[in-house]
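According to the numbering used here, the sequence shown is numbered sequentially starting from 1.
Note that the Cβ used here is the ideal one computed from N, Cα and C, for glycine as well.
Take a look at the structure set out below.
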Amino acid sequence: MTARVGLYPGTFDPLTCGHLDIIRRAVKLVDKLVIGVATSNAKGPLFSLEERLEMARAETAEIAKAFSSQIIVEPFEGLLIHYAEKVGAQFIIRGLRAVSDFEYEFQMAGMNDRLNPDIETVFLMADARYQAIASRLVKEIAQLGGDVSGFTTPEIAARLQKKFKGLAK
Ligand code: ADP
Numbered sequence: 001m002t003a004r005v006g007l008y009p010g011t012f013d014p015l016t017c018g019h020l021d022i023i024r025r026a027v028k029l030v031d032k033l034v035i036g037v038a039t040s041n042a043k044g045p046l047f048s049l050e051e052r053l054e055m056a057r058a059e060t061a062e063i064a065k066a067f068s069s070q071i072i073v074e075p076f077e078g079l080l081i082h083y084a085e086k087v088g089a090q091f092i093i094r095g096l097r098a099v100s101d102f103e104y105e106f107q108m109a110g111m112n113d114r115l116n117p118d119i120e121t122v123f124l125m126a127d128a129r130y131q132a133i134a135s136r137l138v139k140e141i142a143q144l145g146g147d148v149s150g151f152t153t154p155e156i157a158a159r160l161q162k163k164f165k166g167l168a169k
């Protein structure tokens, strides 16, 4: 049987509990999960690509162990569908939070389907506990000195704190 390969792409600037929940659920659906960390230069990420890869690798190692599954974290740039083809993914996995995510995601899935109808976009509904979590807001809260421990892991919360201390100098 052909191995089922899923690609979960994102900016992960930084990874949140919402992303980790999607990853935990996605590994159950595929044999191999590729987490594609977008260079996202246009978005002006707070964390460098190297830092985002490092965080994603560190945080997903436990999940891979717990589920005895294969999780690969890699950088990517350019067209998503080309990257999905390159890694042999049959599925692109995306998380859906509020209605506001829907229109953009629906359009993206439609365009990707036109580009390669053999690759299916699969949406996982955000868990109610993580619905409101967005990397952008986590960064804003951390920048203003708020407690982000409920939104991301202790390691990433510490990195955020360090980052904003460094920037304030
Ligand atoms: P992108 O720049 O591709 O939107 P993000 O890192 O913001 O990258 O998000 C990656 C994916 O994770 C998207 O599908 C997004 O909808 C999903 N996602 C983000 N936050 C959450 C959350 N709290 N719960 C579920 N899915 C989420």
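- For Gly88, the three-state secondary structure derived from DSSP is coil.
- By alpha-carbon distance to Gly18, the top candidate from Met55, Gln143, Met125 and Leu46 is Met125.
- Within the region 39-115, the runs of beta strand (DSSP E) at least 3 residues long that lie entirely inside it are, in chain order, 70-76 and 91-96.
- Under the DSSP definition of a beta bridge, Thr121 partners with Ile92.
- Closest option to Leu46, judged by alpha-carbon separation, among Val138, Gly95, Glu155 and Gly146: Val138.
- In the three-state DSSP reduction, Gly166 falls in the helix class (H, G or I).
- When Leu49, Lys32, Tyr83 and Ala89 are compared, the shortest CA-CA separation from Ser40 is found for Leu49.
- Here Arg57 has Val73 as same chain residues with Cβ atoms under 6 Å from its own Cβ, once five neighbours each way along the sequence are excluded.
- Our two residues, Val87 and Glu59, have alpha carbons roughly 21 Å apart in a direct line.
- Not one heavy atom of the ligand ADP falls within 6 Å of the beta-carbon of Phe91.
- By the beta-carbon neighbour count (other beta carbons within 10 angstroms, threshold 16), Met1 is exposed.
- Considering only Gly36, Pro14, Gly6 and Thr16, the residue with the shortest C-alpha distance to Ala26 is Gly6.
- Rounded to whole angstroms, Ile22 and Gly95 show a C-alpha spacing of 7 Å.
- Per DSSP, the beta-bridge partners of Gly10 are Val37.
- For Arg159 and Leu167, the gap between their C-alpha atoms comes out near 12 Å.
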